[in-house]
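Chains as they are written, first to last, in the numbering used here: chain V, 1 to 522; chain S, 1 to 100; chain C, 1 to 174; chain B, 1 to 485; chain G, 1 to 625.
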């Protein structure tokens, strides 16, 4: 029970960042090696976590508990259930391949890896925490390193040579946007803490307390709305999505990988874990609306992606479109759809990381991401082109990739409650195919261009490792989804069961504990 | 019958006139002068209450107020001299480099 | 009854002098009017049986503070302020209105709390002798008393440092 | 009367004379004076640490009270003064006027703060506050040849005097209500009887006077001007020390005396808090001078403190204690960087900070962390403080206020990041490397460490604060009219 | 099945049958991408292994009562409570027939490809994808449930995309691949919804929902009978499911991708776009015929779509000049026959035609490939007199053409006749449409023959293809001849039918007229083609524009979809969400800040006034009572 895996996962990048900060900035080799080894350690431990997850016992496992602020009921409580262990693995994969992709960074390498490893640690923290305080703590901690990462090492979004969105704009918008979302969620969390009267931030205890003393329906609905909007910002739920494509587009590719691959999943994860997990009545009331909004996500995001000419913007909008499926799966309150949603988070994370890695390589080599400028690159970069086709196909839900399984589960699970949304989702797959094929066609196919004669492929096995890793896992899960689904399902079942349980909230009005009763104005 | 309230109202008037003086005078010295009025109003209230409670505390408070007022005038006048030296004006409206 | 009459007389004089402090164009008039205010206040203090404070008021305020004012006014050779009648919604107009509002509110507050105010106590025993005050200052109020000495010291040193001419600064700089 | 109880104050008041005399006698060289000042602080700190906990008690006929709460803040004041002295060391060649007097004023201000931390009487409070402000008036105008410094001093003095006028008038009215300026007797009067309107007016006058100290809207307008004009070490002292003194006074008055009237001031404070937060953080956005910007930011922080105060709970007071600690560390970091950098980069204009990360990664990193901590980003100190305050607000049921407070986090992050943006994304006008003195460097490292420690390991500090306020009478809900009928 | 005695090897062999091409494909991708010979050998081995297994199973089946032969083996591929999908092999006469076609024709075409693609740089990639295609196709064919079928369905689409775009440097090829994938995607969108809807109605109180063919077939009729499922819903399900075949089998109006798909290498066109993949739609219709049959509306829709596709494509073939495109339109037209056959109620007739069509159309394509290989030319106007220079090729092409025309004795005759008889019985209009199509078919294939293989040479240097290409041609030619005598309908469980002489006569005469006309116009030049074109200018140009359907789609895609809808969304994103929404809030904040700043006038008395007003505000409420 007290295996140190989770602590290692959380601390390894932080320790890595600390060591790097002590190294001289000229020692590139050492810096990179430490980054790679710390993220590899995370990946190995994440694999260990998911392999050792006991689906019979279910629930939170590998727990670590340290009392932190006992007077407020805050504890440093780590643990994984089926859902988070899958996401931890996703993050481990994306982080490791992101660090490998980061070898392309040549300026201020030391600072880059410090921020990058902090970001990695923050995201791990969110997935591992089962204390609401630390959940929020790591959540915001993950947002802030994005600012320098995009601001310093990013690139402007250009159209026809004209800067459309500068990286300064993108990173400021992203940071403010996400912080805004975080604080809105924070309001909800504080309200929840106060009104539950449980005097604990511990998720498990809070859940037990709320089971025994359910909140009034109206309070649940209000808090749920706050959490939904707050976490919806990062999910990103339409119409709060506009930070994401531009942010992805401006970020350096390794950051985009992590961001689109994992960071965006924090929102839906938080909605599943906190909002649905703690506020069943709110979930019943608001989730149908979410189902409506996610149709907007899927269709609108896809259509906007269709009109983009910057490769990263295409993938950026496609991410916001695909997160619509995740939200759709979340919104149904069926274990099937929830399984699909979680698996889709996993699959989409890998797929989008692959896409951003590929685009990053192209951008590094050609110094452009503008679709009209590109073409025929399959002649020079056959390996990257293969990855591009694979990413496109995975993204449009080709069987054999995990995305297909996940989308099918979402559709199947959502069919009974939201057939129209499912129909729109299926149409969204067509739209995805349109822009992904357009991207592949415009970038890789067609006659070879002379201007790209010097473009190099990712030829060494080391540079291919991250691509191979991502594709391999996508294919493996896509071909053999049973084991991972089993792990997801045990947790999804319990969340859905909890949300659907018929509570009989007592009609007593919730009183807010104030230590002194107010004295009326004399 | 002379009551406490008589004194208090006078002190209130004094206080109000003091603050009015701060607001309408342009010369910084005059503003300092008006501040003295405010302190005096407080003094009057203190003494009146001290009388009412037959307590020494109020009278002692007046000591402190007078001391503080004197110190305030000292510092205020020193800064006023600096000001007239640096900016060549004592017009409060013209001392507005720092703004926004 | 006579006391009341005296009160009204002094109060009227005091308010008039205060108005003059606030309103007269010539700075010197303002200072001199303030002197009148101080005087009237001293009379009130006497009427309220605070004899020692009344003396201090005259000595310290009239004797020291106002002289200092006069001195600085002479030093800086202040010219009379230009007369500008406050226009509606200008800052002075709003200021006067607000100050008057403050007075009205305070007046209402005092009238409303009239019933709860302590009545003027019967002063059978002499309580505000110099000795009693000195005793209080040296016992109960010793700490603020000592602090005021530091306060005065700080103000003095500060004032000297600030007002000193630049030439002397260079001498101090080592 | 126990002289042991005022040991710290005694050392500090002695040192006012020592520094002045040392300067006049030219005992240490001018550039060694800071060591003397630090020595005095260390002495005071030792005395503070040696005060046995059981020696807590009241002195001067209850006028001066030494309790855990006061001791906690006295410690903080000493830390502030120490850092300000380090700043002054960096700044001293820009101070033309005598340094000894400057240190003396620093010590008198510190003395005022120490007094305020232990205050148990309205008159002592008045004198203590005046001691702080007078010293600061003079220190603000200390750059005699800089018109902006003099103007700042003038404005500070006038508004400060108005505030003192209101404060003392309010004290007079409260005195009239209870017949004493002593906190316990005031409290007794409040608990036992009907509170006349005049006393309520007096209370609000005192509130206004203290609102000036902590820079609460609408008593705040002096803040940006003074921050911009005053010498930077003074600004640091002002923004942390003076504000903290005001907050302590508010806690002592609101919680020690007027807690039974919670209903009277809770909403008022909440409204002031909301206005203060919004005003400070909004107005900071368009600023171009870093000190002015920090002035507005400090107004914003005053809003958060008011939110915690308005909660009327012991959690609120703990939050205030923690927040002030976090604010102290972060803000001093920021100001220390400003002092250290401004000489080389030339001025306090934001443009001067372009590309700072390339000229001095250490300074830029410290400023980055300090600003983010001020914004309230985990795992830095400011986050924990803000979270505690928001929690206290939520527990008091003021969700609207919590909402405004939370949204202000995002708002403030914007302008803090604008500075970060200049440091990390801008190109320096002059790419020369900035050298940092080892003393400054060490202090910065300590402060940054503090930022992290306070952001991650909250519990020891929080427990310290909680135990400090444990024995206060306001944490004992024992008021007769607070009992439910 | 208790009464069937199967060899214990069948499990092993049937899985080998399915997986051999996949293993080959993986091996090629992992090890053979730079080794040409290895790649080709792997692919060929995989395919031939499959074929061998199929033959063995076929042998087993023949030993049983063939039409009752059924064997299933599966593993749980995805299993969460409420939704279980297995992956497996379902062998029954229908799938076995299809498997034989896929693997048999596939083996020949693989063999043929080794020569045809010899000079290609991406030889290994070609075989890798081709093997993957074989696996995907077998996944469809052998699928025991809808999800596996859908998986295969998508995968064949993907392989088709890659193979059409094999020469991606050619913009037209890249575009054609994209188009094929997109059109299929649109159709699959309906198909997937159909599957979901089917899943939605498949549950009953007694049992969990399912997508298994047999379980559905066992359960659904009862549910319908009990009234649990409204018939309108059933029709909807049927129509949605039919969307799949419309796309995959390129029926009107989603036929547009198939002619363009001819950009791919010719063996690919033969295998995927003639013999197997496009037939998958028909196979699907046959596989779940009972489901479509439960809704008359669905069935008649299918019939009409098929009939219209048949005639409309035949018309297009008449005006086409590209040899491969002629064959592509011909494929469309023949697929129309098959779909119509199913729609008219006889899946066996459809499957029969599917089988024979696979033989002769593969033959025609491979022959055309041989022509292209020999001449590097595929415009029939630039070809001529190939009969002399390429005798084997010409002979096979002639056999294939005659089979296509339905000349008695050849395979096409029997299968087409079965459909015509069916149409004759069921629907007069469709019957006459089909007959006209038969005439047109004879005409256009005659035209191709006479223009390309007879007449005078246009100076193109032509040479006969190597034996490795002509060998498969010969085998397919034999199959095209004897395909009608193999007893395919019997194998599928259909009793032998008597020949309907009236229909036979009509169809033969239609074919005869068509052939005669083409001979007169193109063989004898008795009628000038140019004059005919001039005389029929309006319909000719209409046909040349392919009824304007491509233009309409292009206009829709570029103008409406891309420029208007997507453009509008992008504009909305930039203008409303980013500029007004997000930046608007930012600007509002900024200007609020700017406004607040005005308060800070720098004049100390303003500050004092504010202070005073603040105090007034604090104490004002005291006198409110």
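Cβ coordinates follow ideal geometry from the N, Cα and C atoms, glycine included.
Spatially closest choice to residue i from the options, by CA coordinates
i                      : options                    : result
residue 164 of chain C : S/18, S/33, S/79           : S/79
residue 97 of chain G  : G/74, G/128, G/62          : G/62
residue 430 of chain V : V/305, V/103, V/234, V/284 : V/305
residue 431 of chain G : G/506, G/476, G/296        : G/506
residue 221 of chain G : G/204, G/236, G/208        : G/204
residue 352 of chain V : V/334, V/390, V/158        : V/390
residue 8 of chain S   : C/103, C/80, C/17, C/21    : C/103
Residue i at chain C interface by Cβ criterion, 8 Å
i                      : result
residue 606 of chain G : yes
Contacts that residue i makes with chain B (C-beta to C-beta distance below 7 Å)
i                      : result
residue 50 of chain C  : None at all; the shortest Cβ gap to chain B is about 14 Å.
residue 597 of chain G : 283, 286
Residue i at chain B interface by Cβ criterion, 8 Å
i                      : result
residue 49 of chain S  : yes
residue 57 of chain S  : yes
residue 172 of chain C : The predicted model places residue 172 of chain C with a pLDDT of 43, which falls under 50 and marks its position as unreliable, so this point remains unresolved.
residue 98 of chain S  : yes
residue 144 of chain C : yes
Chain S residues whose Cβ lies nearer than 7 Å to that of residue i
i                      : result
residue 134 of chain B : 71, 75
Chain G within 8 Å of residue i, Cβ atoms only
i                      : result
residue 11 of chain S  : no
residue 379 of chain V : yes
residue 63 of chain C  : no
is_contact[residue i, chain S] using C-beta, thresh 8 Å
i                      : result
residue 148 of chain C : yes
residue 127 of chain B : yes
Strand pairing of residue i, partner residues [DSSP]
i                      : result
residue 27 of chain S  : S/91
residue 312 of chain V : In DSSP, residue 312 of chain V forms no bridge with anything.
9 Å Cβ cut-off: residues of chain B touching residue i
i                      : result
residue 218 of chain V : Correct list: empty, because the minimum Cβ distance to chain B is about 13 Å.
Within chain S, the residues that residue i reaches when beta carbons sit closer than 8 Å
i                     : result
residue 99 of chain C : 16, 17, 19, 20, 23
Residue i: contacting residues in chain V (beta-carbon distance under 9 Å)
i                      : result
residue 628 of chain G : Outside the displayed range of chain G (1 to 625) lies residue 628 of chain G, so it cannot be described from this structure.
Neighbouring residues, chain V, relative to residue i (Cβ below 7 Å)
i                      : result
residue 410 of chain B : 176, 179, 180, 183
TODO: Quick one: which residues of the stretch 288 to 307 of chain V get their C-beta closer than 7 Å to a C-beta of chain G? List them in chain order.
DONE: 300, 303, 304, 306, 307
- [ ] Using a Cβ-Cβ cut-off of less than 8 Å, list which residues of the stretch 12 to 38 of chain S approach chain B; keep chain order.
- [x] 15, 18, 19, 22, 28, 31, 32, 35, 38
TODO: Check each residue of the stretch 427 to 451 of chain B: if its Cβ is closer than 7 Å to any Cβ of chain V, include it; give the result in chain order.
DONE: none
Open item on the list: Output needed in chain order: residues of the stretch 61 to 92 of chain G with a Cβ under 9 Å from some Cβ in chain V.
Closed with: 76, 77, 78, 79, 80, 81, 82, 83, 85
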